[in-house]
Amino acid sequence: MPVMPRCSDQMITTKAGRIFTRWIQVDSDHTRPPFVMLHDGLGSVRQWRDLPEVLAHRLSTNVLVYDRLGHGLSDPRPASHDPHFLQEEATSILPELLAQFQLDLVWLLGHSDGGTIALIFAAEFPDIPVKVMTVAAHVFVETETRQGIAVLRDAYRTASLRDKLLKYHGDKTDSLFTGWSDCWLSTEFDTWSIVDRLAQIECPVFAVQGTHDEYGTLAQLHAIAASVRHARVLELPDCGHMPHLQQRARFLQVLEHFFTG
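Each residue of the sequence shown is one higher than the one before, counting from 2 in my numbering.
In structure tokens, the structure reads:
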């Protein structure tokens, strides 16, 4: 009978604040890199649902998942979002967290903003990630992205979305949503792009996006394919912004093939 993964939760103190982490340990003969999961712009550990444990079991490797500052059970952000917030996460907070866990080589999975963070990290620290998979990552600003966020903001104002997010982020919910959405919709974010940095990535990258993504077009995938030397891309038909929830079986199949194939 297979041994189920074991979870250990702890608060890790960083220079910017305390971060909630979950380390999922498996007993395995494989010497595979640990798997690090980076959630989306309004996400948290709990919003991944059971995916971290499922991946630990299916890939036979340890998994680290955490709440970024301002999310979930972590401390509030020390300052509001600005156009450099993704860069800061990738080049300051994530490296510090990996160092505290003594992780020298990792597999990365990032969804939406988390995918962007994974790509920036891979460009800045090419010796650490062995493989990177992004899901609905953003590499430049599109009108469609901002239109989707504007719709989301309307849903938040009518309380339906706010009530859902309160379950995960508690009294940080308003500051998280307002800071994040205001940043993406600000004029300061008009020219934001990481496309010119993608050529620095040396590891294999697998970029996945749904053809019906509400927050970006397939131009994001095409930019990754054109700029990353070892890139594969996959368009998922009839799928929106959440392939890991909307097409779970297919998502797990292609993920497992990429990381273990």
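We put the beta carbon where it would ideally sit given N, CA and C, even for glycine.
Counting only runs that start and end inside the stretch 15-89, the beta strand (DSSP E) elements of at least 3 residues fall at 19-26, 36-39, 64-67. Counting other Cβ atoms within 10 Å of its Cβ, Glu189 stays below 16 and is therefore classed as exposed. With fewer than 16 other CB atoms across the displayed protein chains lying within 10 angstroms of its CB, Gly171 is exposed.
Per DSSP, His213 is not a residue of any beta strand (DSSP E), being assigned neither H nor E.
Closest in alpha carbon position to Ser45, among Ala220, Asp191, Leu166, is Leu166.
As DSSP reads the structure, Thr261 sits in no beta bridge.
Boundaries of the beta strand (DSSP E) around Glu236: 232-237.
Taking 7 Å as the cut-off, the beta carbon of Gly18 is found no closer than this to the beta carbon of Leu177. Residue pairing by DSSP places Gln11 opposite Thr22 in a beta bridge. Beta-bridge partners assigned by DSSP to His223: none are found.
Distance from the CA of Ile94 to the CA of Phe252, rounded to the nearest whole angstrom, comes to 28 Å. Secondary structure remark: continuous beta strand (DSSP E) runs of at least 3 residues inside the stretch 75-162, in chain order: 107-112, 130-136. Only exposed fits Ala200, as fewer than 16 other CB atoms lie within 10 angstroms of its CB. Note on geometry: alpha-carbon atoms of Leu162 and Leu222 lie some 28 Å from one another.
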